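Positions in the sequence shown are counted from 1; adding 2 to them yields my numbering.
Glycine included, each C-beta is placed from N, C-alpha and C at the ideal position.
None of these values were measured; they are calculated from a predicted model.
Encoded as structure tokens, the structure appears first; notes follow it.
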Amino acid sequence: MSERQDVILGAGLAGLSAAYTLQGLGEADWRIYEREERVGGHARSVEIEGYVFDFGPHILFAADPEIGELIRGLLGTNFTAQSREAYIYHHAYGLYTRFPFQAHLYGLPVDVVLECLAGLVTAIERQARGDFNPRNYEEWMRGFFGDGIAERLMIPYARKVWTVEPGEMDFAWIGRRVPTPDVERIIAGALSDAVEQVGATAHFWYPQRGGIEALPSALGERVANVQLGREIERIDIATPNVVFRDGEHVPFDRMIYTLPLSELSSLVSDLPPRVRDACGALRYQGIYCVNLGIGRPNISDKHWVYFYEEEFPFHRLSFPANFTPHNVPSGKSSISMEIAFSDSVPLDRERIVDQAIDALMKAGILDPEDRVELVHTQEILPAYVIYDRDHASNVDVIRSWLAEHGIAVAGRFGEWQYLNMDHAMSSGREAARKMARQPSRSRHGTDRQGTSGARGV
3 MSERQDVILG AGLAGLSAAY TLQGLGEADW RIYEREERVG GHARSVEIEG YVFDFGPHIL
63 FAADPEIGEL IRGLLGTNFT AQSREAYIYH HAYGLYTRFP FQAHLYGLPV DVVLECLAGL
123 VTAIERQARG DFNPRNYEEW MRGFFGDGIA ERLMIPYARK VWTVEPGEMD FAWIGRRVPT
183 PDVERIIAGA LSDAVEQVGA TAHFWYPQRG GIEALPSALG ERVANVQLGR EIERIDIATP
243 NVVFRDGEHV PFDRMIYTLP LSELSSLVSD LPPRVRDACG ALRYQGIYCV NLGIGRPNIS
303 DKHWVYFYEE EFPFHRLSFP ANFTPHNVPS GKSSISMEIA FSDSVPLDRE RIVDQAIDAL
363 MKAGILDPED RVELVHTQEI LPAYVIYDRD HASNVDVIRS WLAEHGIAVA GRFGEWQYLN
423 MDHAMSSGRE AARKMARQPS RSRHGTDRQG TSGARGV
């Protein structure tokens, strides 16, 4: 029998960061197995006829100084720092306001601003009385910001991007995802546009060349033992082996799993019923990107725009040339539109491109005489995990079972959490540190049960 390996499944940012961390800890023998022919996972890019599109638009920022330093070191001179130009389009009023909505009411009709501020005051009064006990995401939005802000934008947008009613969702995930400016800042943003930006993305980084894939590519160059084009057929926990589509069996010792938890039931045949049920109950949505190359320059001065109104199929569109001019050929522009879909909100793939282009015309972003030089589509599935009210309990069941078998998880879909790229990198780092503290079973001659019971996960 072949000697057991320590393996990382998936060479996205989490898997690469785990391997990079392990190498720094003196554990250089870990092997990474990746299905695709390139590293990066969801943080990849594609170049077509000089147009560069990310797999869903991405930007970089990092709350963790260690991760921020790593990102800057990896990109080196291929790095640009920018201040956000993000907006919300209101077709009903024929105008744009700055993102986030709750911090930039200025410019909306006076009656709308008054409705939003009155709702905010009522919400604050209720909070002061201790009457703020939300049971779901919709109740959190209403209770924190008031009915005006919630009903005017936040609930319609949440329904559109998550493809489920926000009343079906938990709100424990919010954290730094939803900007929560204080009341003084909300009032200031209602009176003037000349206010400081708020939120984690107010300032961000982006590679000058190569799209967002420049980051995982640079990280991948610093990591050894990456095997590409290796698709997994199944994982045998009892043996234990990873079995690949080409028939190879790889005995493993320690494992870091960064693949979607939702795929576990198709990869592991002997899952306990409670774990299989939990995997089947995990919910997620997909993103369908419609990318256009446009035959004129400077189509917009914005980075991205949110669309909450139902008449627009996309919930967000981005202008890649404004992240870096190297994302488009000279004298051209591009647009990337994101359309959310799921089992409950199906996607009409035959009509969506025409619908998206018509919507751009309706919003005044494209002119009738504009020449669409390139149409490119991408389907990202899963794209975001849906935090329904059973999310935490289902994830806990799955992760606890994996931990019992000495398997650590990392990344957005391995943890089944809403993680940005910096979070995915720190997730991989922490999984690596955890596994480095766990002795290798084959190296130390201990059996699986004994080691599993002794490790401090």
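Asked, Found
"Residue 337, DSSP secondary structure in three states", "strand"
"Supposed close pair residue 326, residue 199 - CB separation, criterion 8 Å", "With 8 Å as the limit, residue 326 and residue 199 do not qualify as a contact, their Cβ atoms being about 20 Å apart."
"Enclosing alpha helix (DSSP H) for residue 318 [first to last residue]", "First-last for residue 318: 318 to 320, but that is the beta strand (DSSP E), not the alpha helix (DSSP H)."
"Simplified DSSP state of residue 121, which is helix, strand or coil", "helix"
"Residue 300: first and last residue of the uninterrupted alpha helix (DSSP H) it sits in", "First-last for residue 300: undefined, no H or E at that position."
"Euclidean distance between Cα positions of residue 407 and residue 278", "16 Å"
"Beta-bridge pairing of residue 293 - partner residues as DSSP gives them", "338 and 378"
"Boundaries (first-last residue) of the alpha helix (DSSP H) holding residue 359", "354 to 364"
"Run of the beta strand (DSSP E) containing residue 90, from where it starts to where it stops", "88 to 92"
"Burial state of residue 303, where buried means 16 or more other Cβ atoms lie within 10 Å", "exposed"
"Buried or exposed (CB count within 10 angstroms, at least 16 for buried), residue 129", "exposed"
"Residue 403 (DSSP reduced to helix, strand or coil)", "helix"
"Residue 328 versus residue 339 - alpha carbon distance", "19 Å"
"Residue from 77, 420 and 440 whose Cα sits closest to the Cα of residue 223", "77"
"Pair within 8 Å by beta-carbon distance, residue 157 and residue 140", "yes"
"Option in 356, 82, 98 and 81 with minimal Cα separation from residue 89", "98"
"Residue burial classification, residue 364 (beta-carbon count within 10 angstroms, cutoff 16)", "exposed"
"Classification of residue 320 by the beta-carbon crowding that lies within 10 angstroms, buried from 16 upward", "buried"
"Own chain, CB closer than 7 Å to residue 161, minus 5 neighbours either side, in chain order", "167 and 168"
"Host beta strand (DSSP E) of residue 85 (start-end)", "82 to 85"
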